[in-house]
Amino acid sequence: MAYLIALHSLAATIWVGGLFFLVGVLRPAASSVPLGERLPLLSIALGRFFLWVWIAIFTLLVTGYAMTGLLGGIAVVPAYINVMQALAWIMIALYAHMFFAPWKRVRAALAAGALADAGRAMNQLRLFATASLWLGLLIIAIATGGSYGLL
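Residue numbers (this note's numbering): 57 to 207.
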């Protein structure tokens, strides 16, 4: 169980920490860079980040359901674990949308040299990343405080 919790925590840290860096640090810092340089920079950063998110999602699902099984299953775990799980699926759905919709549009627009279109799609990514960040922080609060009565 200890290894599962450690891997689960590391995967969550990579995903949510990456979102924090993206939304709270990289995007604001990049706003001073001209659009023609900013969008390719953000695109490269997102491409690398998204690979790590896929790995994190896989790790979170495998370790999360393994721990749930070791604890006796979904029907017997404390309520906060099921709340955390439900919110995690919403976060995964948000990520899937980000990856398969606006991210796809960003890449296509940049390949076509359509900076305005890439900028609009990148703004959609920013909005989804911000929502995902807040959701991820909520999940972490529930995960760490749930056994102490937070929920």
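Every residue gets a Cβ at the ideal spot worked out from N, C-alpha and C, and that includes glycine.
So residue i packs on residue j, CB below 8 Å; how close in whole Å?
i    : j    : result
M57  : L126 : 6 Å
L143 : S188 : Contact flag wrong, Cβ pair sits at about 11 Å.
I195 : M123 : The pair is not a contact, with the Cβ atoms about 15 Å apart (cut-off 8 Å).
S174 : L95  : Looking at the sequence provided, one finds Ala at residue 174 rather than Ser. About 5 Å; that satisfies the 8 Å criterion.
H153 : F184 : 7 Å
S99  : L166 : 6 Å
Measure the alpha-carbon distance for residue i versus residue j and round it to whole angstroms.
i    : j    : result
W159 : L91  : 17 Å
V133 : A101 : 38 Å
G128 : V72  : 28 Å
F76  : A131 : 33 Å
G205 : L193 : 17 Å
R104 : L97  : 11 Å
W145 : G169 : 35 Å
A86  : Y59  : 37 Å
N138 : E93  : 43 Å
R182 : W110 : 18 Å
F106 : P84  : 19 Å
Looking at residue i: is its Cβ nearer than 9 Å to the Cβ of residue j?
i    : j    : result
G80  : W108 : no
A67  : M140 : no
R161 : A172 : no
Y136 : L207 : yes
A255 : I70  : What is shown of the chain runs 57 to 207, which leaves residue 255 out entirely.
L63  : T119 : yes
A164 : Q180 : no
Secondary structure at residue i, three-state DSSP: helix, strand or coil?
i    : result
A62  : helix
G103 : helix
A67  : helix
L166 : helix
V132 : coil
A157 : coil
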